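In the numbering used here, the protein residues as written are 307 to 563.
Backbone N, C-alpha and C define an ideal beta-carbon position, used for all residues, glycine too.
As the structure is a prediction and not an experimental result, all values here were calculated from the model.
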C-alpha cells in the first residue's frame, strides 16, 4: 500500500502484516529487509488496543507516522476491527479513518533543543534559518532553510549523513504560499531519502511549539525529488499533534516464512 498519496499518485510504500503466527523480532526484521519498503508494520489485532511493531530494512523503530496511518487504514477498511487507538513503543496513538483520509494523533510534546549553525558543518546545508534536535525518541535533526528552492537544491551525500552526529535522521524544510516543502533522510536505517514521513512532521511541530507557534496546521509537500509526490496534513494544538492523509491499497500478498 501507499500512504500520504496525492490522489492515486505518489505516497510512501508500506507493508502491513496482520498474521503474526510464528513471528519473532528477528523474523520480522528479516521480512522488512526482504520487502525493502521504508517501513513494514506488524499488527497484533488481537490485543486491545492493537499492538504495532515497526521495522525499517535495518532496524526496529519506536514510532513512525506512515506505518501507523497505514495500519489504521487497514484495520478500519480491510478487517472486522475499528479500533480508536493503536499501541506502539511510545504508547497509545489515537486513530480515525474515513473514506477520504486517515489520521493519527499523538499526545505529549517531544523535547526540541536548538542547534547552532556550526553543529551542522559537514552536512552542506545552505541558507539555514533554524535548527533543532528533537527526541522522537530517536534524535531527529530538523533544519529550516530560507526557501523551498533551497530545499529542492539540497544534495545529500549518504556517507557524510550517516557519519554525522546530526545526519542520521535529517529533515530539511521551508515554507511558501503553498504550505511546506520537506525532505527527510535516514541513511542509517537504509533510507537515503523518504517520500513521506509522518514522524518528521511531528518533529517539525515540536520545533514550531518551541518557537512559540502553539497551534497551527499546514500542508506538507514531500517526495517529488524521488518521484513519489506526497501530501501530509499536519495539525497541532496544545500537547496534541495529528498527521493525516490519503491511503491507497495496491495489492495483497501471501508471504512464505
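CA nearest to the CA of residue 545, picked from 444, 520 and 560: What you label residue 545 is simply residue 239 of the chain shown in a count that begins at 1. Out of 444, 520 and 560, 520 has the C-alpha closest to the C-alpha of residue 545.
For residue 445, the first and last residue of its enclosing beta strand (DSSP E): Position 139 of the chain shown, counted from the start, is the residue given in the question as residue 445. Unbroken beta strand (DSSP E) run through residue 445: 445–451.
Cα-Cα separation, residue 364 to residue 338: In the chain shown, counting from the first residue as 1, residue 364 sits at position 58. In the chain shown, counting from the first residue as 1, residue 338 sits at position 32. C-alpha separation (whole angstroms): 8 Å.
Whole-angstrom distance between residue 409 and residue 388, CA atom to CA atom: One-based indexing of the chain shown puts residue 388 at position 82. One-based indexing of the chain shown puts residue 409 at position 103. Distance between the alpha carbons of residue 388 and residue 409: 13 Å.
Contained beta strand (DSSP E) runs [length at least 3] in the region 350–433, N- to C-terminal order: 357–361, 391–394, 397–403, 408–413 and 418–420
First and last residue of the uninterrupted beta strand (DSSP E) at residue 528: On the chain shown, position 222 is the one that residue 528 refers to. 521–528 is the span of the beta strand (DSSP E), which, as asked, contains residue 528.
Closest Cα partner of residue 483 within the set 524, 449, 469 and 511: Counting from 1 along the chain shown, the entry for residue 483 is found at position 177. Comparing Cα-Cα distances from residue 483 to each of 524, 449, 469 and 511, the minimum goes to 524.
C-alpha distance - residue 329 paired with residue 434, whole-angstrom precision: Residue mapping note: residue 329 aligns to position 23 of the chain shown, counting from 1. Residue mapping note: residue 434 aligns to position 128 of the chain shown, counting from 1. Between residue 329 and residue 434, the C-alpha separation is close to 45 Å.
Distance, residue 372 Cα to residue 517 Cα: Counted from its first residue, the chain shown places residue 517 at position 211. Counted from its first residue, the chain shown places residue 372 at position 66. Those two C-alpha atoms are separated by around 26 Å.
Where the beta strand (DSSP E) containing residue 536 begins and where it ends: Counted from its first residue, the chain shown places residue 536 at position 230. Where residue 536 is concerned, the enclosing beta strand (DSSP E) stretches over 536–543.
Given 8 Å, three or more beta-carbon pairs between the region 453–463 and the region 422–440: yes
Supposed contact pair residue 477 and residue 511 - C-beta distance, whole angstroms, cut 8 Å: Translated into positions along the chain shown, residue 511 becomes position 205. Translated into positions along the chain shown, residue 477 becomes position 171. At roughly 12 Å, the Cβ-Cβ gap does not stay under 8 Å, so residue 511 and residue 477 are not in contact.
Test item: CB-CB of residue 324 and residue 343 under 9 Å: Counting from 1 along the chain shown, the entry for residue 324 is found at position 18. Counting from 1 along the chain shown, the entry for residue 343 is found at position 37. No. Outside cutoff.
Simplified DSSP state of residue 463, which is helix, strand or coil: Here the question's residue 463 lines up with position 157 in the chain shown. Three-state DSSP puts residue 463 in coil, outside helix and strand.
Spatial distance of residue 308 from residue 316 (CA atoms): Taking the first residue of the chain shown as position 1, residue 308 is located at position 2. Taking the first residue of the chain shown as position 1, residue 316 is located at position 10. Distance between the alpha carbons of residue 308 and residue 316 is about 7 Å.
Alpha carbon of residue 340 to alpha carbon of residue 349, nearest angstrom: Your numbering for residue 340 matches position 34 in the chain shown. Your numbering for residue 349 matches position 43 in the chain shown. Straight-line Cα distance between these residues: approximately 18 Å.
6 Å Cβ shell around residue 360 - same chain, five flanking residues per side excluded: For the purposes of this step, residue 360 is identified with residue 54 of the chain shown, where counting begins at 1. 345, 347, 367, 370 and 373.
Cα-Cα separation between residue 480 and residue 554, rounded to whole angstroms: Sequence index remark: in the chain shown, residue 480 carries index 174 (1-based). Sequence index remark: in the chain shown, residue 554 carries index 248 (1-based). Cα-Cα distance, rounded: 27 Å.
Interface flag, residue 450 vs chain C, CB-CB below 9 Å: In the displayed structure, chain C is absent; only one protein chain is listed.
Whole runs of the alpha helix (DSSP H) within the region 464–520, excluding any shorter than 4 residues: 464–469 and 504–516
Residue 436 beta carbon less than 9 Å from that of residue 416: Taking the first residue of the chain shown as 1, we reach residue 416 at position 110. Taking the first residue of the chain shown as 1, we reach residue 436 at position 130. It is not a contact, given that the beta carbons lie outside the stated cut-off.
Buried or exposed (CB count within 10 angstroms, at least 16 for buried), residue 414: As a first step, residue 414 must be located in the chain shown, where it is residue number 108. Label assigned to residue 414: exposed.
Residue interval of the beta strand (DSSP E) (run including residue 563): For the purposes of this step, residue 563 is taken as residue 257 along the chain shown, with counting starting at 1. Here residue 563 belongs to no beta strand (DSSP E), and DSSP marks it neither H nor E.
Beta strand (DSSP E) segment containing residue 320, residue limits: As a first step, residue 320 must be located in the chain shown, where it is residue number 14. Residues 318–323.
Alpha-carbon to alpha-carbon, residue 448 and residue 441: Here residue 441 refers to the residue found at position 135 when the chain shown is read from its first residue. Here residue 448 refers to the residue found at position 142 when the chain shown is read from its first residue. If you take the alpha carbons of residue 441 and residue 448, they lie about 11 Å apart.
Residues bridged to residue 315 [DSSP beta-bridge criterion]: Residue 315 sits at position 9 when you count from the first residue of the chain shown. DSSP output for residue 315 lists 312 as bridge partner(s).
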